[in-house]
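Using my numbering, the first residue of the sequence shown is number 729, and each one after it goes up by one. Cβ coordinates follow ideal geometry from the N, Cα and C atoms, glycine included. Treat the numbers as computed from the prediction; the structure is a model and nothing was measured. One structure is given below, encoded as structure tokens.
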Amino acid sequence: MRLDIEPRAEVSKLAQILSPVLAVFVAVGIGGLIVLALGKSPVQALFVYFIDPLSQSWTLQELAIKGTPLVLIASGLVYCFRSNLWNIGAEGQFTVGAIVGCILPLATHGMDAGPWVIVLALIMGAIGGALYALIPAMLKVWFGVSEILTSLMLVYVAQLGLDYLVRGPWRDPKGFNFPQSVVFEPGATLPNLMSDGRLHAGIILALIVVGISWFVLTRTLFGFGIRVSGAAPKAARFAGFNAKRMVVFAFLISGGLAGLAGIVEVTGQIGQLQPSISPGYGFTAITVAFLGRLHPVGLVLGAFIVSLTVIGGESAQIAMKLPLDLTTVFQGVLLMCVLAADCFSTYRVRIVSGGAR
């Protein structure tokens, strides 16, 4: 007797919608068991993680701030994942976008520059991330190299490059030898949306990207080609879609949005370059993409849930003395639950007797 997994004849639309919801509840239950094993109250942890951050104005702003780069990066990853391409290096594209985008704010430091600086910085950041993503794309197109390995390895190259710049040529000479650049001028940063908080205009940019991505993926021929290339590559070739061109375009868009997220994070929240500008947004956005069912609008909800675990994890570390790494563990459990729920909604398990073929 053995277990076989076979595609369902018809996939229920309701099951596809409810599977991420079920995955979240299962992940919360597993997280509660982990908290219980640590000798803490799961009920209290549930309140601190998911309820308390929604009760204060500043935590709501922090949710939006942390969700902004996740939405931007995940919006780009959707193009790759829907094309059956695995861009695992969004973290590196995020970093390179921040580096390239900061060239202009650093060059105009001390000058009375206008808003054109931040506009050009955002454009340069997107271009930097796109060109960096072009490396694994071209290696795949020209030599058939796995984009998983190349995009992932390039993350460390980007991070080491950033570390060198802020400790070397871009280090603030008046920064008491700390590894950081000068603080950007007000004209080179994103404006705040509220006077009593840190919420910046990047959230508006993220929502605009979500709207454009929804339109492109659902209402254009290019979006149709992306979906067909991932679901049925042979049918896509028969329909006249160039597979190599789709690989390049998908990575360019994905890297461009990751690079845009990088410069938005630096000019919106941090205000200068530092050795570490990301707590792992590029990897966390993978969970956001699948939690949102690879749909641009669903990404907003996915980013909200993941950001809630991050803010809640910081609060739980203070209030309950829980390790901050528990948040990373929960995000991993959440991703596994989402993938499992997606698998069982698309496939069914069949028990086959030993003599059956």
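At a cut of 8 Å, does the region 823-840 reach the region 798-815 through at least three beta carbon pairs? no
Neighbourhood of G842 by C-beta, 7 Å cutoff - its chain only, sequence neighbours within 5 removed: By the criterion of a C-beta distance shorter than 7 Å, G842 is surrounded in its chain by G915, once the five residues flanking it on both sides are discounted.
Around the C-beta of C1071, are 16 or more other C-beta atoms found within 10 angstroms, so that it is buried, or is it exposed? exposed
Using CA atoms only, rank isn't needed, just tell me which of I762, L933 and G990 is closest to Q678. Residue numbering for the chain in the displayed model covers 729 to 1085; residue 678 lies beyond these limits and cannot be assessed.
Just to check, is the beta-carbon of V828 closer than 6 Å to a non-hydrogen atom of the ligand ATP? As far as ligands go, the structure on display features none, and thus does not contain the ligand ATP.
Taking its Cβ as the centre, do 16 or more other Cβ atoms sit within 10 Å of W844, making it buried, or is it exposed? exposed
What does D732 pair with, by DSSP beta-bridge criteria? R1078
Along the chain, where does the alpha helix (DSSP H) containing E913 start, and where does it finish? E913 -> no alpha helix (DSSP H), and no H or E assigned at all.
Closer than 8 Å by C-beta to S1006: which residues in its own chain qualify, once you throw out the five before and the five after it? Chain order, please. P797, E819, F822, T823, G990 and E993
If you draw a straight line from the alpha carbon of G999 to that of I932, how long is it in whole angstroms? 18 Å
Just to confirm my understanding: we take V910, look at its own chain, exclude 5 residues before and 5 after, and list those with CB closer than 6 Å. What are they? H837 and D900
Endpoints, the alpha helix (DSSP H) within which G759 is located: Judged by DSSP secondary structure, G759 falls within the alpha helix (DSSP H) whose first and last residues are K741 to A765.
Own chain, CB closer than 7 Å to A1069, minus 5 neighbours either side, in chain order: S747, P748, L750 and A751
List, from N- to C-terminal side, the alpha helix (DSSP H) runs of 4 residues or more that fit wholly inside the region 1004-1079. 1009-1019, 1024-1047 and 1053-1074
Would you tell me roughly how many angstroms separate the C-alpha atoms of T1012 and Y1075, rounded to the nearest one? 26 Å
Report all residues from its chain with a CB closer than 7 Å to the CB of M1048; omit the five preceding and five following residues, and keep chain order. K768, Q772, A773 and V776
Let me make sure I understand the geometry here. Which of L742, I733, A743 and G760 has the alpha-carbon closest to that of V1057? G760
Return the bridge partner residues of H928 from the DSSP annotation. H928 is bridged to N920.
Residue range of the unbroken alpha helix (DSSP H) whose run includes W844: W844 to F871
Using 10 angstroms around the beta-carbon of S740, count the other beta-carbons present and answer buried if the total reaches 16, otherwise exposed. Classification for S740: exposed.
Under 7 Å between the Cβ atoms of G856 and G987? yes
Please look up how many angstroms separate the CB atoms of R1021 and Q744, rounded, as I've assumed it's under 8 Å. 7 Å
Alpha helix (DSSP H) containing S769: first to last residue? Neither: S769 is in no alpha helix (DSSP H) and is coded neither H nor E.
Option in P1024, A934 and L927 with minimal Cα separation from S785: L927
Limits of the alpha helix (DSSP H) - the one that W898 falls within: It is not in any alpha helix (DSSP H) - W898 carries neither H nor E in the DSSP assignment.
When you compare only the Cα positions, how much space is there between A923 and Q789? Note that residue 923 is Ser in the sequence shown, not Ala. Rounded to whole angstroms, S923 to Q789 spans 12 Å at the Cα level.
Restricting to Cα atoms, I'd like to know which of A765, G1060, I846 and L800 is closest to V938. L800
Closest Cα partner of A865 within the set G996, A963 and G817: For the options G996, A963 and G817, the alpha carbon positioned closest to that of A865 is the one of G817.
Alpha carbons only, please: which of F969, L764 and I940 is nearest the one belonging to F952? F969
Could you check if E738 is buried or exposed, using at least 16 other CB atoms within 10 Å of its CB as the buried criterion? By the 10 Å Cβ count, E738 comes out exposed.
DSSP three-state assignment for M839, whether helix, strand or coil: Residue state, collapsed to three classes: coil.
Measuring alpha carbon to alpha carbon, tell me which of A1017, V1028, S1043 and I936 ends up nearest L1062. A1017
For L813, does the three-state DSSP call read helix, strand or coil? If DSSP states are grouped into helix, strand and coil, L813 belongs with coil.
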